[in-house]
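What follows is one structure encoded as structure tokens, with my remarks underneath.
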Amino acid sequence: MSFLNKLTRYLDYKLIVNKVETYIAYTKYKSRKEIISNKGIKILKTNDRGKYKNYKLNSYLLKIT
């Protein structure tokens, strides 16, 4: 799973074994980015193929929108 900051072109990646780890990887990336830059994630873009989707991540993303 990869996370790309389009402004700085900084690429961060996390190797995951199953879909459950996508939520953990995203929340860790989000908290690390907020600590470093003092800014939150404004736009989250996916390829929308469903490869990494799971219930916990979907419910979290729907809750924050």
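Residue numbers (my numbering): 5 to 69.
Ideal Cβ positions, reconstructed from N, Cα and C, are used throughout, including at glycine.
All figures in this text were calculated on a predicted structure; none of them were measured in a lab.
Own chain partners of residue 24 with C-beta closer than 8 Å, once the 5 adjacent residues on each side are dropped
Your numbering for residue 24 matches position 20 in the sequence shown. Taken in chain order, the residues that qualify are 58, 60.
Ranges of the alpha helix (DSSP H) found wholly within the stretch 16-52, counting only runs of at least 4
DSSP runs (the alpha helix (DSSP H)) wholly in the stretch 16-52: 24-41.
Once DSSP output is grouped into helix, strand and coil, what is the label at residue 8?
Stepping through the sequence shown from its first residue, residue 8 is reached at position 4. For residue 8, the secondary structure class from DSSP, reduced to helix, strand or coil, is strand.
Using alpha carbons as the reference points, say which of 36, 47, 17, 31 lies closest to residue 11.
Mapped onto the sequence shown, residue 11 falls at position 7. Per the Cα distances, 47.
Should residue 3 go down as buried or exposed, given a rule of 16 or more other Cβ atoms within 10 Å for buried?
One cannot answer for residue 3 here, as it falls past the ends of the chain, which runs 5 to 69.
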